[in-house]
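Everything in the sequence shown is counted per this note's numbering, starting at 175 for the first residue and increasing by one.
Please read the structure below before turning to the comments.
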Amino acid sequence: MRAGAGPIAAAAAADACCVLLFVAIGRHTHGHGDSVAGIWHTAWPFLAGLAIGLVAARAWRRPLAVRPAGLGAWLGAAGAGMAIRVLAGQGTAAAFIAVAAAFLALFLLGWRVVLIAGQHLRHARLAGSRRG
C-alpha cells in the first residue's frame, strides 16, 4: 500500500528538521555562530545526502517505517552527506564522523521508533477496551 502525499511530506520534513537540528546544535556548541548562511553551509551536504538516501531507499513507499525509510535517511545523511562534505572541502575528523553518525541515527531512526511504539500502544489500548 502506498502512502499518501501527507505522510511522505511530513516524514521528509521531519528528517530535514532532524538534520538541521544536528547542524544547529553542533554549530552552537562549537561557537561557529547561528547565522542562516552558516547553518546552510554546514547543512547542505547532509541534506543532499539525506535526499540521496531517501530516494535510494524509495522511502515514499513507507515513509514512516524504520526500514527502509529510516535506514535510508540515516545512511544517506551520515554516509553520503559525509562524502559530499569531503568533496566540498569541509572537515571530517574521526570524532566528528562518529558523533554525526550517532546523532543522526538517534534522531532519524528515533522519531520513527517513537511513532511506531505510540501506534502499537494505542492499538493495544483500543483492543483492551473492546474486550473489557
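Even for Gly, the Cβ is constructed at its ideal location relative to N, Cα and C.
Got a sec, what are the start and stop residues for the alpha helix (DSSP H) residue i sits in?
| i | result |
| --- | --- |
| Arg-296 | 268-305 |
| His-202 | 179-203 |
| Gly-227 | 210-230 |
| Arg-259 | 255-261 |
| Leu-238 | Element bounds for Leu-238: n/a, residue is neither H nor E. |
| Ala-247 | 245-248 |
State the Cα-Cα distance for the pair residue i and residue j, rounded to the nearest angstrom.
| i | j | result |
| --- | --- | --- |
| Arg-286 | Leu-238 | 6 angstroms |
| Met-175 | Gly-244 | For Met-175, the pLDDT reaches just 48, beneath the cut-off of 50, and the residue's location in the model is therefore unreliable, leaving the point undetermined. |
| Ala-276 | Ile-182 | 24 angstroms |
| Ala-225 | Ala-269 | 24 angstroms |
| Val-260 | His-294 | 41 angstroms |
| Gly-223 | Ala-187 | 14 angstroms |
| Ile-312 | Arg-304 | Lying outside 175 to 306, the shown extent of the chain, residue 312 is not represented and no answer is given. |
| Thr-216 | His-204 | 13 angstroms |
| Leu-228 | Ile-290 | 19 angstroms |
Going by C-alpha to C-alpha distance, which of the options sits closest to residue i?
| i | options | result |
| --- | --- | --- |
| Ala-190 | Thr-203, His-204 and Ile-213 | Ile-213 |
| Pro-219 | Leu-280, Val-273, Ala-274 and Met-256 | Met-256 |
| Ala-221 | Val-193, His-294 and Arg-304 | Note on residue identity: the sequence assigns Leu, not Ala, to residue 221. For the residues Val-193, His-294 and Arg-304, the minimum Cα distance to Leu-221 belongs to Val-193. |
| Leu-283 | Gly-246, Ala-254 and Gly-292 | Gly-246 |
| Ala-184 | Gly-292, Gly-205, Ala-233 and Leu-195 | Ala-233 |
Closer than 8 angstroms by C-beta to residue i: which residues in its own chain qualify, once you throw out the five before and the five after it? Chain order, please.
| i | result |
| --- | --- |
| Asp-208 | Ala-198, Arg-201 and His-202 |
| Ala-279 | Trp-248 and Ala-252 |
Can you list, in chain order, the residues of its chain with a C-beta nearer than 6 angstroms to that of residue i? Leave out the 5 residues immediately preceding and following it.
| i | result |
| --- | --- |
| Ala-177 | Pro-237 |
Looking only at its own chain, which residues have a Cβ that is under 7 angstroms from the Cβ of residue i, when we skip the five neighbours before and after it?
| i | result |
| --- | --- |
| Ala-230 | Gly-246 and Gly-250 |
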